[in-house]
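Participant:
In structure tokens:
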């Protein structure tokens, strides 16, 4: 009995270790795939979903749903950045053209157009700042507040 009990304890420990390892193998597969997704930054990949209907399968489905939501969010962000970049380039290019023409031909200075382009840039920058603050979890400014400080008029202060 003195030899049997330690032997039984060793057998029970080994069987428990093997059964636990087998039961947690899908969790290791999920962990390994998440590590690979993180390393590759490929959010279109998904973790393997076991054919079982247990907690591990639910974990895999929840993980895949989270990856899908994250992928959609990143795609929306990329699209927004591309749109914002385009929206900013147009008034900047127009303003630059107006300034280059004014430098070459001061009599053709379109000050009103330059001010309008500058106001448009201010609006775009304020909108981007508001979106960034909302994305960061900050509350939007109260109605009637002075933020963002947009000009009261879009006409140039200097007569044209």
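In full-length UniProt numbering, the protein residues as written are 1 to 160.
All C-beta atoms, glycine included, are put in the ideal place defined by N, C-alpha and C.
Say whether the region 71-82 touches the region 96-104, bearing in mind that this needs 3 or more beta-carbon pairs closer than 8 Å, one atom from each stretch.
Facilitator: Verdict: no, contact absent.
Participant: Can you give me the start and stop residues for the alpha helix (DSSP H) that residue 161 sits inside?
Facilitator: This structure cannot speak to residue 161, because the chain is shown only from 1 to 160.
Participant: State buried or exposed for residue 30, treating a residue as buried only when at least 16 other CB atoms are found within 10 Å of its CB.
Facilitator: Mapped onto the chain shown, residue 30 falls at position 30. The residue in question, residue 30, is buried, as its Cβ has 16 or more Cβ neighbours within 10 Å.
Participant: Do you know offhand how far residue 42's Cα is from residue 62's?
Facilitator: Here residue 42 refers to the residue found at position 42 of the chain shown. Here residue 62 refers to the residue found at position 62 of the chain shown. One C-alpha to the other measures close to 18 Å.
Participant: Which word fits residue 125, buried or exposed, when buried means at least 16 other C-beta atoms lie within 10 angstroms of its C-beta?
Facilitator: The residue labelled residue 125 in the question sits at position 125 within the chain shown. Exposed, by the Cβ-count rule.
Participant: In the DSSP assignment, find the alpha helix (DSSP H) that holds residue 131 and state where it starts and stops.
Facilitator: Walking along the chain shown from the start, residue 131 turns up at place 131. 111-135 is the extent of the alpha helix (DSSP H) around residue 131.
Participant: Which one of 65, 129 and 111 has the shortest CA to CA distance from residue 44?
Facilitator: On the chain shown, position 44 is the one that residue 44 refers to. Taking only the C-alpha atoms, the option nearest residue 44 is 65.
Participant: Given a threshold of 16 other Cβ atoms within 10 Å of its Cβ, counted over all protein chains shown, does residue 91 qualify as buried or as exposed?
Facilitator: Taking the first residue of the chain shown as position 1, residue 91 is located at position 91. Residue 91 should be labelled buried.
Participant: Can you tell me the Cα-Cα spacing of residue 3 and residue 9, whole angstroms?
Facilitator: Residue mapping note: residue 3 aligns to position 3 of the chain shown, counting from 1. Residue mapping note: residue 9 aligns to position 9 of the chain shown, counting from 1. Answer to the nearest angstrom: the Cα atoms are 10 Å apart.
Participant: Roughly how many angstroms lie between the CA atoms of residue 26 and residue 67, to the nearest whole one?
Facilitator: For the purposes of this step, residue 26 is taken as residue 26 along the chain shown, with counting starting at 1. For the purposes of this step, residue 67 is taken as residue 67 along the chain shown, with counting starting at 1. Straight-line Cα distance between these residues: approximately 18 Å.
Participant: How long is the line joining the alpha carbons of residue 94 and residue 135, rounded to whole angstroms?
Facilitator: Against the chain shown, residue 94 aligns to sequence position 94. Against the chain shown, residue 135 aligns to sequence position 135. So the two alpha carbons sit approximately 30 Å from each other.
Participant: Pick from 87, 54 and 46: whose alpha carbon is nearest that of residue 24?
Facilitator: Counting from one through the chain shown, the residue named residue 24 turns up at place 24. Nearest option by C-alpha distance: 54.
Participant: Hey, how far is the Cα of residue 114 from the Cα of residue 120?
Facilitator: Indexing the chain shown from 1 puts residue 114 at position 114. Indexing the chain shown from 1 puts residue 120 at position 120. Cα-Cα distance, rounded: 10 Å.
Participant: Which residue's Cα is closest to the Cα of residue 60: 85, 128 and 47?
Facilitator: Residue 60 sits at position 60 when you count from the first residue of the chain shown. When only C-alpha atoms are compared, the closest one is 47.
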